[in-house]
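Below: one structure, written as structure tokens.
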């Protein structure tokens, strides 16, 4: 096999984690019989920007039970690696990915990258050259009272000056994200940035596609399930631990809408309707990113999410063999 890694990507609720775990289990059972795959099996590296946080389990959809196949644990990495309330970023992820990737290879195992955060995935596959950007308290204070619309306009103007593309709407999901993005672009404009060179990774890329109606139905069903499983209590527990509401709102989606409900900003029904719509919109943006990756030169082999899991695994194995 010519690839050094398998990447499994897809929008939320597409079943990519269960596919990655089932594939890893098959690789582990086949061992050296699968041409070019190390006999020591496969391990999964997460590519999810929120599953890095401990204690944020239901809201981020960690579904850790998916990593146990026939009673055997599939090793996984970059989940539960930092504290909630902190702000993990792309620069940190890229370094953490390479550390995990190299460790897996040194131990003679095979890495499977799995997730839905397109920017994280693209950064390691392409080998983005990144540098850390420090916080700018004065800039943050000057932007604190601006609306999200005003912040978005400022960010667009800065990106036009730095030559950065405004192709990821998650930059402006919340005012805090927009302010951080402005902080980064302002720094890039004023400081020549030394590049940290990390190599691109040659990966076979599998995309899990799910048609719009099926995706919407699955998202709505999963949202109800997670609320029934205690997602509101999970987020209340984070607030009770002293994590500021604005820090949870920064994470967007479930943490934004449920936190606003818990602090009395919205009613339960308003929270539910707003969150359901936001997740649908988020899944659509994920697919827009993945299609953009194809335009930027990545080859993605798409499999149908609604196919039986075993058939999807066999499809991936055939692609690996070929």
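Residue numbers (this note's numbering): 72 to 393.
Just so it is clear, CB atoms sit at the ideal spot from N, CA and C, and this is done for glycine as well.
{"Asked": "Through-space distance from residue 283 to residue 272, alpha-carbon basis", "Found": "31 Å"}
{"Asked": "Three CB pairs or more closer than 8 Å across the segment 197-204 and the segment 156-164", "Found": "yes"}
{"Asked": "Limits of the beta strand (DSSP E) - the one that residue 76 falls within", "Found": "76-80"}
{"Asked": "Proximity to residue 315 [Cα-Cα], best of 171, 357, 155 and 339", "Found": "155"}
{"Asked": "Those residues which DSSP pairs with residue 182 across a bridge", "Found": "114"}
{"Asked": "Residue 395 classed as buried or exposed, judged by whether at least 16 other C-beta atoms fall within 10 angstroms", "Found": "Outside the displayed range of the chain (72 to 393) lies residue 395, so it cannot be described from this structure."}
{"Asked": "One or two residues paired with residue 262 in a DSSP bridge", "Found": "Answer by DSSP bridge pairing: none, since residue 262 is not bridged."}
{"Asked": "DSSP state of residue 158 mapped onto helix, strand, coil", "Found": "coil"}
{"Asked": "Option in 393, 291 and 377 with minimal Cα separation from residue 345", "Found": "291"}
{"Asked": "Start-to-end residues for the beta strand (DSSP E) that takes in residue 284", "Found": "First-last for residue 284: 283-299, but that is the alpha helix (DSSP H), not the beta strand (DSSP E)."}
{"Asked": "For residue 279, the residue or residues it bridges with in DSSP", "Found": "374"}
{"Asked": "Beta carbon of residue 276 nearer than 7 Å to that of residue 131", "Found": "no"}
{"Asked": "Straight-line Cα distance separating residue 215 from residue 332", "Found": "22 Å"}
{"Asked": "Collapsed DSSP secondary structure at residue 17 in the structure displayed", "Found": "Given that the chain is displayed from residue 72 to residue 393, the structure contains no residue 17 and the question cannot be resolved."}
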